[in-house]
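Mapping to my numbering: the sequence shown position 38 is 430, numbers consecutive.
Data first, discussion second: the structure below is written as structure tokens.
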Amino acid sequence: MPTVLKLAQVQSETASDLLSSADVIETMIDLKIQLHQLEQEIQALQPAFFAACLMLNTEKITRQRAIISKRLTPGQWCYSPDILEQESLLKQLKQIFQQDHDPTKGRELSWVIKLLLSATVR
Numbered sequence: 393m394p395t396v397l398k399l400a401q402v403q404s405e406t407a408s409d410l411l412s413s414a415d416v417i418e419t420m421i422d423l424k425i426q427l428h429q430l431e432q433e434i435q436a437l438q439p440a441f442f443a444a445c446l447m448l449n450t451e452k453i454t455r456q457r458a459i460i461s462k463r464l465t466p467g468q469w470c471y472s473p474d475i476l477e478q479e480s481l482l483k484q485l486k487q488i489f490q491q492d493h494d495p496t497k498g499r500e501l502s503w504v505i506k507l508l509l510s511a512t513v514r
């Protein structure tokens with residue numbers, strides 16, 4: 393009879409773990425939805441934010457909770473055909489190498505959440 397009791401206890405613990413796992417997953421989904429909403433708000437505010445920063449006409453804006461600095465985006469160049477050809481050859485060589493060798497870093501396991509509420513969340 394003790395075996396049946398232990399089995400019932402293990403099943404109960406497993407159900408409890410699944411419930412808490414489901415709660416954790418639901419909480420993560422809720423947070424991802426909130427993050428999506430915040431990103432949309434930030435994107436909508438971005439033009440007004442840039443305009444406000446430009447109006448101050450300074451390199452650095454110091455506030456109580458943040459320091460805002462100007463920064464240039466990366467430059468872009470028009471390379472000669474010779475350089476573009478070498479770049480293409482290098483990419484091909486890298487692909488061949490990657491097919492023949494295992495990676496030395498990376499390949500960590502991660503879980504991706506794809507929100508299915510795109511029509512609802514705006």
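For every residue, glycine included, the Cβ atom is placed at its ideal position computed from N, Cα and C.
I need the DSSP call for residue i, collapsed to helix, strand or coil.
{"i": "S413", "result": "helix"}
{"i": "I351", "result": "Outside the displayed range of the chain (393 to 514) lies residue 351, so it cannot be described from this structure."}
{"i": "T454", "result": "strand"}
{"i": "K486", "result": "helix"}
{"i": "S502", "result": "coil"}
{"i": "H493", "result": "coil"}
{"i": "C470", "result": "coil"}
{"i": "T419", "result": "helix"}
Thinking residue i and residue j are a contact (beta carbons under 8 angstroms), I'd like their distance in whole angstroms, please.
{"i": "I475", "j": "M420", "result": "About 45 angstroms; that fails the 8 angstroms criterion."}
{"i": "I434", "j": "C445", "result": "Incorrect: roughly 14 angstroms between the Cβ atoms, too far for contact."}
{"i": "E451", "j": "S461", "result": "7 angstroms"}
Taking 7 angstroms as the threshold (beta carbon to beta carbon), is residue i in contact with chain B?
{"i": "L430", "result": "No chain B is part of this structure, which consists of one protein chain only."}
In whole angstroms, what separates the C-alpha of residue i from that of residue j?
{"i": "V416", "j": "L430", "result": "21 angstroms"}
{"i": "L509", "j": "L481", "result": "43 angstroms"}
{"i": "L485", "j": "Q491", "result": "10 angstroms"}
{"i": "D494", "j": "E500", "result": "14 angstroms"}
{"i": "K483", "j": "W503", "result": "29 angstroms"}
{"i": "R455", "j": "R463", "result": "17 angstroms"}
{"i": "I459", "j": "I488", "result": "46 angstroms"}
{"i": "P473", "j": "G498", "result": "33 angstroms"}
{"i": "N449", "j": "S412", "result": "52 angstroms"}
{"i": "P466", "j": "A443", "result": "21 angstroms"}
{"i": "H428", "j": "A414", "result": "21 angstroms"}
{"i": "E479", "j": "Y471", "result": "10 angstroms"}
How should residue i be labelled, buried or exposed, when 16 other C-beta atoms within 10 angstroms of its C-beta is the threshold for buried?
{"i": "T496", "result": "exposed"}
*Given 8 angstroms as the limit, is there contact between the region 434-451 and the region 410-426, that is, 3 or more CB pairs closer than that?*
Taking 8 angstroms as the limit for Cβ pairs, the verdict is that the region 410-426 does not touch the region 434-451.
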